[in-house]
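Quick notes on the structure that follows.
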Amino acid sequence: MTTINQQAGAAATAMLGLGVHRPERVVTNDEICEVLDSSDEWIQTRSGIRTRRYAAEGESLLDMATIAAERALKASGVAAGDLGTVIVATSTHVQHTPAAAPLLADRLGSRAAAFDVSAGCAGFCHALSVASDLVRGGNAGYVLVVGVERLSTFMDPTDRGTAFIFADGAGAVVVGPADEAGIGPVAWGSDGSQSHVITQSVRCDELSPEHPLFVRMEGTQVFRWAPFAMADVARTAVERAGLTLDDLDVFVPHQANLRITETLARNLKLPEGIAIARDVQDSGNTSAASVPLAIDAMLSSGEAKPGDIALLIAFGAGLSYAGQVVRLPRA
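Position 331 of the sequence shown, counting from 1, maps to 343 under the numbering used here, and the rest follow consecutively.
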């Protein structure tokens with residue numbers, strides 16, 4: 013019988029370092045309302061968002077990803093040449109092909125395997141799970157995971173459902189071997205029957221100057237779904253990690269909307285004392301970048317510290333979702 017060899021890698025994996033990039037331009041609700049028929053009070057009441065960041069003119073998605081990646085590599089102590097894989101989670105790379113990841117790897121001086129993950133706002137948690145499995149399976153020594161979005165490119169400034177929600181930014185982690193498990197089993201899935209809830213305004217084969225590409229979202233439907241369905245997914249992630257909610261130090265949900273975050277936390281019945289990410293207030297919804305950006309905000313403010321046990325949960329277009337329990341990395 014002919015035998016095909018398989019290999020095993022590290023027994024345990026973790027996020028070894030974190031890096032982020034927040035564009036310099038801060039956009040207030042008042043600025044949004046110069047075009048949008050709304051008000052600062054209405055936006056804050058509906059979403060909790062006070063400000064968000066937009067990329068500068070000429071600042072590309074790859075520019076933001078490169079800065080975050082270089083910072084993550086520095087924090088982890090891993091050289092770009094030692095990367096086995098580069099994964100970019102994004103929905104806003106401006107080309108269908110080539111993917112963003114090989115271009116990023118080249119900028120970093122790496123010839124690693126490189127590919128994109130398109131899972132909407134859930135992309136970072138999807139990519140994190142894939143990265144952990146690559147290291148544990150022996151197919152990569154270290155994996156760079158980047159969540160990056162330039163959503164301002166694809167926003168209709170007159171759309172009351174999206175104009176004040178989305179923003180730009182990048183967050184990256186390096187995943188590698190660890191002495192103890194730092195990335196738990198993933199709980200993930202999808203519901204394509206609700207694909208219309210978060211989508212694009214026009215198909216790519218129907219684009220024209222009269223029909224540009226914008227993000228469209230039925231916010232009410234998202235609110236009716238996410239805080240309730242994601243509570244079950246979050247509990248599954250905790251159970252698969254062999255833990256209980258009492259073992260958690262930090263809760264980092266996708267920064268979609270402050271109302272969703274607070275409703276989800278209540279539905280989970282989190283124990284008192286667990287720190288909850290609320291970066292959406294000053295960063296907006298950065299889709300696949302929101303989870304690493306929120307982690308960075310909590311580490312920077314002292315709300316959380318490296319080594320804390322955190323529950324991550326992300327959800328978005330697809331509808332797609334993923335969550336896992338992790339140990340927070342160094343920033």
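For each residue, glycine too, the CB sits at the ideal point set by N, CA and C.
| Item | Value |
| --- | --- |
| On the DSSP letters alone, give me the boundaries of the beta strand (DSSP E) that residue 71 sits inside. | Looking at the DSSP string, residue 71 is not in any beta strand (DSSP E), and its letter there is neither H nor E. |
| With DSSP as the reference, label residue 297 as helix, strand or coil. | strand |
| Select from 163, 230, 224 and 215 the residue whose C-alpha is nearest the C-alpha of residue 173. | 230 |
| Inspect the beta-carbon positions of residue 77 and residue 184 and report whether they are closer than 9 Å. | yes |
| How would you write the range of the beta strand (DSSP E) that residue 33 sits in, first residue to last? | 25-33 |
| Our contact map puts residue 79 next to residue 33 with C-beta atoms below 8 Å; I'd like the distance itself, whole angstroms only. | 4 Å |
| Using the C-alpha atoms, what's the distance from residue 342 back to residue 321? | 13 Å |
| Note the first and the last residue of the continuous alpha helix (DSSP H) segment covering residue 95. | Element bounds for residue 95: n/a, residue is neither H nor E. |
| Measuring CA to CA, which of 328, 324 and 329 is closest to residue 335? | 324 |
| What is the DSSP secondary structure of residue 212, reduced to helix, strand or coil? | strand |
| Pull up the distance between the alpha-carbon of residue 308 and that of residue 73, whole angstroms please. | 19 Å |
| Using the Cα positions of residue 83 and residue 120, report the straight-line distance between them to the nearest angstrom. | 11 Å |
| Can you tell me whether DSSP reads residue 139 as helix, strand or coil? | helix |
| Put residue 261 into one of helix, strand or coil per three-state DSSP. | coil |
| From the DSSP output, which residues share a beta bridge with residue 189? | 25 |
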